[in-house]
Each structure stands twice: as C-alpha cells, then as structure tokens.
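Remarks on the structure that follows.
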Amino acid sequence: MAIGMFGGTFDPVHMGHLRVAEEVREAYSMEKVYFVPARVQPFKQSGRGATAEERVRMLEMATRGNSFFRTSPVEIRRGGVSYSIDTVKHFARRFGDIYFVMGMDAFSDIGLWKAYRELFLYADFVVMVRPGIRPSGLPTGLSTETRQLDASTFEHASGKKIYFHHITQLDISSTRIRELARMGKSIKYLVPHPVERYIIKKGLYRN
Ligand code: ATP
Ligand code: MG
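Residue numbers (this note's numbering): 10 to 216.
Structural data, given as structure tokens:
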C-alpha cells in the first residue's frame with residue numbers, strides 16, 4: 010500500500026479536488042491521500058485570499074468525512090518557499106511508497122520546478138487528465154531516462170512510474186468560488202457544507 014500526496018493552493022478546497030482525490034485513491038488502492046496546501050499563496054485577483062491557517066482549517070473540515078483523507082500542514086510549517094522536492098522527500102521518508110498526484114496543468118510545468126528530475130527518484134506520479142484531453146507526454150528533459158510502457162504509463166530509470174489517469178473533472182475552480190463569495194452569492198454544493206459555513210461566517214474573500 011502507498012499513500013497519495015496531493016498539493017495545491019486549496020483557496021478554498023472544493024468538490025472538484027475531493028472527487029478526483031477519491032477517484033485516484035480508489036484506482037491506485039492508496040492507503041491515504043494527504044492534501045498538502047502550499048505555504049506561499051500567490052495572491053489571486055478576486056477577493057483577498059484566505060490565510061494559510063484558514064486554508065488548512067477548511068481542508069480539515071473537508072477531509073474529515075473521508076477516513077482515507079488527511080491534511081498535511083508540512084509546507085505551511087516549513088519556512089520560506091515550498092519546493093515539491095522537499096515535500097516529496099518528507100513523505101517518502103515517512104511512508105516509503107508514495108504517489109505524487111497532480112493535475113496535468115501542474116505537470117506540464119514540471120520541467121521548471123526545482124530539482125524536478127530528482128522527484129522521479131522518490132515518487133510514482135499520477136497525472137490527472139480531464140475527459141476528452143490527450144495526455145501531454147513528458148517534459149523533454151526526461152525523455153532519455155524514461156520509457157513508455159503503454160498509452161498512459163511511463164517508467165523512469167529509477168523504476169518509478171508515471172501514470173496518466175483520466176478523471177471526472179467537475180467544472181469548479183477556487184477562483185470561481187472566491188468570485189461568488191466576494192459577490193455574496195451562493196457557493197452551496199461547490200464546497201462541502203462546513204466549508205461553506207466557514208467561508209460565510211468568517212466573511213472570507215469579501216475584500
Ligand atoms: P485556482 O482557481 O485558485 O487556481 P484551483 O481550483 O485550480 O484553484 P488549486 O488549488 O490550484 O485549485 O488546485 C490544486 C490541484 O487540483 C491542481 O493540480 C489542479 O489541477 C487540481 N484541480 C483543481 N480543480 C480541479 C477540478 N475541478 N477537478 C480536478 N482537479 C482539479
Ligand atoms: Mg489552479
């Protein structure tokens with residue numbers, strides 16, 4: 010059994026995140042999925058953005074109802090900018106086998122990340138692909154050290170795999186939720202109920 014590591018800003022966490030985490034958890038028989046909110050929150054245009062503590066709090070509320078889900082404040086606690094390589098090493102030390110779960114939007118930029126080639130020594134990758142989209146393939150820098158096993162699977166020289174996995178992409182984004190909240194509009198059914206109540210009670214994203 011392995012655990013999944015799912016990073017993001019989660020400002021706020023929403024049903025799209027929860028649903029895909031559940032799908033990959035089931036497909037890869039993960040023992041747990043850890044949601045890992047990033048510490049540095051690139052300031053977003055609409056509304057003021059929640060603090061790191063508020064994002065963690067919302068994730069805790071959202072993940073409480075699923076015994077496979079956990080929230081990890083590791084990037085929030087670590088000072089400075091979060092680098093995935095540090096987080097991946099942290100989880101690999103703690104759990105051994107890990108899946109690094111991310112959307113294809115994130116994966117297509119991976120060639121720009123700090124020490125990105127090292128990531129493939131520590132984790133299998135599950136790259137979530139939206140319906141109707143063809144997997145992008147790998148960053149060019151990786152082509153000499155990986156081989157393709159089938160239409161959606163690659164193997165790194167380390168033995169770690171990269172899986173392109175089709176998921177149900179609900180058409181929900183945190184950006185849209187912040188906009189709705191800013192305008193005082195309903196966010197019901199886009200986020201779990203306790204998260205909705207928390208956003209309203211604290212007046213999050215309302216400038
Ligand atoms: P924002 O609108 O602020 O960019 P977001 O909704 O994209 O927020 P992030 O925290 O940026 O949320 O996303 C974290 C991860 O979740 C990314 O890898 C992204 O691909 C994935 N993701 C975001 N929204 C969805 C969705 N509706 N369905 C599936 N995956 C999603
Ligand atoms: Mg995003």
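Backbone N, C-alpha and C fix where the C-beta goes; we use that ideal spot for every residue, glycine too.
Which word fits I142, buried or exposed, when buried means at least 16 other C-beta atoms lie within 10 angstroms of its C-beta?
-> In the sequence shown, the residue the question calls residue 142 occupies position 133. I142 is exposed by the Cβ-count criterion.
Relative to ligand 2, is the shortest distance from any of its heavy atoms to the C-beta of G16 smaller than 8 Å?
-> Within the sequence shown, numbered from 1, the residue matching residue 16 stands at position 7. Checking every heavy atom of ligand 2 against the Cβ of G16, none is found closer than 8 Å.
By the 10 Å Cβ neighbour count, where 16 or more other Cβ atoms means buried, how is L68 classified, buried or exposed?
-> For this step, residue 68 is matched to residue 59 along the sequence shown. Classification of L68: buried, given that the 10 Å Cβ count is 16 or more.
To the nearest angstrom, how far is it from the Cα of E3 to the Cα of L189?
-> Missing from the structure shown is residue 3; the chain here goes from 10 to 216 and no further.
Closest to V135 by CA distance: which of F19, D20, V42, P21 is it?
-> Sequence index remark: in the sequence shown, residue 135 carries index 126 (1-based). With distances taken between Cα atoms, V135 lies closest to V42.
D159, DSSP secondary structure in three states = Here the question's residue 159 lines up with position 150 in the sequence shown. Strand.
The stretch 194–207 touching the stretch 146–166, judged by at least three CB pairs closer than 8 Å | no
Determine the closest residue to Q178 out of G13, R28, Y207, I94, with distance taken between C-alpha atoms.
-> In the sequence shown, counting from the first residue as 1, residue 178 sits at position 169. Considering only alpha carbons, the answer is R28.
Comparing the CB of S91 with every heavy atom of ligand 2, is any distance shorter than 8 Å?
-> Stepping through the sequence shown from its first residue, residue 91 is reached at position 82. It does not: the Cβ of S91 is nowhere closer than 8 Å to a heavy atom of ligand 2.
Would you say F129 and I171 are within 9 Å of each other, going by their C-beta atoms?
-> For the purposes of this step, residue 129 is taken as the residue at position 120 of the sequence shown. For the purposes of this step, residue 171 is taken as the residue at position 162 of the sequence shown. Closer than 9 Å, so yes.
Less than 8 Å between the CB of A115 and some heavy atom of ligand 1, yes or no?
-> For the purposes of this step, residue 115 is taken as residue 106 along the sequence shown, with counting starting at 1. Under cutoff, so the answer is yes.
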